[in-house]
Amino acid sequence: MRETLVLNASFEPLSTVTLRRAVVLVLQEKAVVEQAHPELRVRAATLELPMPRVIRLSRYVRVPFRRRAPWSRRGVLVRDRHRCAYCGRRATTVDHVVPRSRGGGDTWLNTVASCAEDNHRKADRTPEQAGMRLLRTPYEPSPSDALVLALGGAGRGALPDWLPVPA
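Under my numbering, the residues of the sequence shown are numbered 2 to 168, in order.
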């Protein structure tokens with residue numbers, strides 16, 4: 002199922018919705034289409050509408066302040082763009098920099114995407130003890146960065162140029 006990015010009236014990312022929900026919001030005039038799929042359209046008996054990729058709400062919605070993005074394995078893989086932090090190949094698993102058995106937790110700063118071979122080779126050691134070097138240091142994305150990263154997983158062309166994508 003295709004996902005559509007929902008922006009607040011102030012252009013800040015809020016969430017993603019299904020394509021069906023996005024079309025309903027546009028038809029109810031609660032949102033406007035900011036970016037559409039170039040060749041796809043929704044057709045009905047009396048109207049034709051571009052298939053929305055990004056919609057913007059017509060009215061500003063006050064959102065409670067979210068200080069942190071929730072940690073998840075999928076989030077770590079998306080943050081690291083499914084690339085192993087040790088060798089750069091395709092990552093299929095998440096590795097704890099400081100192993101959980103040594104007090105390391107499930108946090109953004111302690112987990113990196115890893116290929117199965119490097120995760121097995123590092124085992125229950127720190128990267129220094131295993132003689133392995135991290136290609137990039139882990140970071141904690143903001144809630145809006147995590148949302149944009151998740152949508153940008155299909156490629157930069159899926160998002161508008163004016164929407165900032167975290168590095």
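Built from N, CA and C at the ideal position, the CB exists for glycine as well.
- Closest in alpha carbon position to Ala-23, among Val-34, Thr-93, Pro-14, Glu-118, is Val-34.
- Distance from Val-7 to Leu-58 at the Cβ level is roughly 7 Å; contact confirmed, criterion being Cβ atoms closer than 8 Å.
- Judged by DSSP in its simplified three-state form, Val-62 adopts coil rather than helix or strand.
- Within its own chain, the residues whose Cβ lies closer than 8 Å to the Cβ of Asp-125, once the five positions on either side in sequence are excluded, are Pro-100, Ser-102, Arg-103, listed in chain order.
- Per DSSP, the beta bridge partners of Gln-36 are Val-55.
- Assigned with DSSP and collapsed to three states, Ala-114 falls in strand.
- The closest CA to that of Val-62, considering only Ser-16, Leu-28, Gly-89, Leu-41, is found on Ser-16.
- Annotation for Arg-75: no residue places its beta carbon closer than 7 Å to its own, counting only its chain and skipping 5 residues before and after.
- Where Glu-129 is concerned, the enclosing alpha helix (DSSP H) starts and stops at 128-131.
- Distances from the alpha-carbon of Thr-108 to those of Trp-72, Val-149, Leu-20 put Trp-72 closest.
- Straight across, the Cα-Cα distance linking Val-98 with Val-64 is about 34 Å.
- Distances from the CA of Asn-120 to each of Ala-92, Val-18, Tyr-140, Ser-143 were compared; the closest alpha carbon is that of Ala-92.
- In the structure shown, Arg-22 adopts helical secondary structure according to DSSP, grouped into three states.
- With at least 16 other beta carbons inside 10 angstroms of its own, Arg-54 counts as buried.
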